[in-house]
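As numbered in the numbering used here, residues 444 to 660 make up the sequence shown, in order. Backbone N, C-alpha and C define an ideal beta-carbon position, used for all residues, glycine too. Keep in mind it's a predicted model, so treat the numbers as computed, not measured.
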Amino acid sequence: MDYVTRSVQCWGNFWSSPVRRREFIVSLAILTAIMLGTLRFMHYNETRPGTLLADPLLAAIPPVDLSNLTFFLLYAGLIVTVIMLLPHPEKLSFGMQVYALYACLRVLAMWLVPLDPPEGMIQLADPVLSWAQTGKQLNKDLFFSGHTATIYLCHLLMPSGQLRKVYLLGVMLMAACLVIQRVHYSADVIAAPFVCYGSLRIIQILRGKLGLDAQLG
Numbered sequence: 444m445d446y447v448t449r450s451v452q453c454w455g456n457f458w459s460s461p462v463r464r465r466e467f468i469v470s471l472a473i474l475t476a477i478m479l480g481t482l483r484f485m486h487y488n489e490t491r492p493g494t495l496l497a498d499p500l501l502a503a504i505p506p507v508d509l510s511n512l513t514f515f516l517l518y519a520g521l522i523v524t525v526i527m528l529l530p531h532p533e534k535l536s537f538g539m540q541v542y543a544l545y546a547c548l549r550v551l552a553m554w555l556v557p558l559d560p561p562e563g564m565i566q567l568a569d570p571v572l573s574w575a576q577t578g579k580q581l582n583k584d585l586f587f588s589g590h591t592a593t594i595y596l597c598h599l600l601m602p603s604g605q606l607r608k609v610y611l612l613g614v615m616l617m618a619a620c621l622v623i624q625r626v627h628y629s630a631d632v633i634a635a636p637f638v639c640y641g642s643l644r645i646i647q648i649l650r651g652k653l654g655l656d657a658q659l660g
């Protein structure tokens, strides 16, 4: 059975289940609402006074603009993940749930710990988000790193195999790019995978209590 046929068959089986269908629609709606709310918060967060942290790692590395590599890692990682998970719609639902929780925790952390961007930061102008942000550069969405967490979540959702190891390398490259460009403090990128994995475990526990299942394989 080829990839397209298998994907269509899996989605047909998935969508024929009222429980799974409602879960997917609700997960997508909640994630969309949370991301829109996060965007509004980040605009507000730019107006708040923040703290400038002393970061010995950043002080030891001269800043370099690695925007192109950062965007390649992010969007190539997302596109490949969606393609790989098309035959596994239950994992797409699960991934949306995990990221929604992570985004909420990230907003909470930014609200509790307002930070100013590192000295010498080279602005990371995302070609997609810059359109969504109506042209305003956002520099204070620091703790935790959303870019690092996104690639790490892709790694967790990948089936076991070589590609999953490639994604783990991508996580490390993403973290390095953000630190070298001084877009984030080192603590931002170090904490991100731990919070992301914690979000995953919380969602797994909640799904278990609700009688749903999600195997990461």
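What separation, rounded to the nearest whole angstrom, lies between the Cα atoms of residue 499 and residue 474?
The count along the sequence shown starts at 1 and reaches residue 499 at position 56. The count along the sequence shown starts at 1 and reaches residue 474 at position 31. Residue 499 and residue 474: Cα-Cα distance of roughly 36 Å.
In this structure, how does DSSP classify residue 558 when only helix, strand and coil are distinguished?
Walking along the sequence shown from the start, residue 558 turns up at place 115. The answer is strand: DSSP assigns residue 558 an E or B state.
With a threshold of 16 other CB atoms inside 10 Å of the CB of residue 492, please say whether the residue is buried or exposed.
The residue you call residue 492 lines up with position 49 of the sequence shown. Burial call: exposed.
Limits of the alpha helix (DSSP H) - the one that residue 482 falls within:
Position 39 of the sequence shown holds residue 482. It spans 461-488 - the alpha helix (DSSP H) in which residue 482 sits, taken as one unbroken run.
What separation, rounded to the nearest whole angstrom, lies between the Cα atoms of residue 507 and residue 525?
Numbered from its first residue, the sequence shown carries residue 507 at position 64. Numbered from its first residue, the sequence shown carries residue 525 at position 82. A direct Cα-Cα distance of roughly 30 Å separates residue 507 from residue 525.
So which of 489, 536, 632, 594 has the shortest CA-CA distance to residue 472?
Position 29 of the sequence shown, counting from 1, holds the residue named residue 472. It is 536.
From residue 658 to residue 543, what distance separates their C-alpha atoms?
Here the question's residue 658 lines up with position 215 in the sequence shown. Here the question's residue 543 lines up with position 100 in the sequence shown. Any answer about residue 658 is weak, because its pLDDT of 48 lies below 50 and its placement is not dependable; what the coordinates show is given next. Each residue's alpha carbon lies about 18 Å from the other.
Rounded C-alpha distance that separates residue 460 from residue 598:
Mapped onto the sequence shown, residue 460 falls at position 17. Mapped onto the sequence shown, residue 598 falls at position 155. Rounded to the nearest angstrom, the gap between the Cα atoms of residue 460 and residue 598 is 27 Å.
Buried or exposed for residue 644, please, with buried defined as at least 16 other CB atoms from any protein chain shown within 10 angstroms of its CB.
Within the sequence shown, residue 644 is the residue found at index 201, counting from 1. It is exposed - the Cβ of residue 644 has fewer than 16 other Cβ atoms within 10 Å.
Exposure of residue 503, with buried meaning 16 or more beta-carbon neighbours within 10 Å
Here residue 503 corresponds to residue number 60 of the sequence shown, with the count starting at 1. Residue 503 is exposed by the Cβ-count criterion.
For residue 606, which residues in the same chain have their Cβ closer than 6 Å to its Cβ, ignoring the five residues on either side in sequence?
Numbered from 1 along the sequence shown, position 163 holds the residue referred to as residue 606. Excluding residues within five positions, none has a Cβ falling inside 6 Å.
With DSSP as the reference, please indicate the residues paired to residue 494 in a beta bridge.
In the sequence shown, counting from the first residue as 1, residue 494 sits at position 51. Residue 494 pairs with 558.
Inspect the beta-carbon positions of residue 458 and residue 464 and report whether they are closer than 8 Å.
Counted from its first residue, the sequence shown places residue 458 at position 15. Counted from its first residue, the sequence shown places residue 464 at position 21. Yes, Cβ-Cβ distance for residue 458 and residue 464 is below 8 Å.
Given a threshold of 16 other Cβ atoms within 10 Å of its Cβ, counted over all protein chains shown, does residue 558 qualify as buried or as exposed?
Within the sequence shown, residue 558 is the residue found at index 115, counting from 1. It counts as buried.
According to DSSP, simplified to helix, strand and coil, what is residue 457?
Residue 457 sits at position 14 when you count from the first residue of the sequence shown. Residue 457: helix per DSSP, three-state reduction.
Here's a check: name, in chain order, each residue in its chain whose Cβ is nearer than 6 Å to the Cβ of residue 576, leaving out the five neighbours to either side.
For the purposes of this step, residue 576 is identified with residue 133 of the sequence shown, where counting begins at 1. Low per-residue confidence applies at residue 576: pLDDT is 49, beneath 50, and the placement is therefore not dependable, though the value from the model is reported in the following sentence. Cβ within range, chain order: n/a, list empty.
Residue of 546, 562, 540 minimising C-alpha distance to residue 655
Taking the sequence shown and counting its residues from 1, one reaches residue 655 at position 212. Residue 540 is the option with its Cα nearest to residue 655.
Could you tell me whether the region 547-556 touches the region 579-594, using the rule of 3 or more Cβ pairs below 8 Å?
Segments in contact, yes.
Shortest alpha-carbon distance to residue 562 belongs to which of 602, 633, 625?
Counting from one through the sequence shown, the residue named residue 562 turns up at place 119. Here the closest residue by C-alpha is 625.
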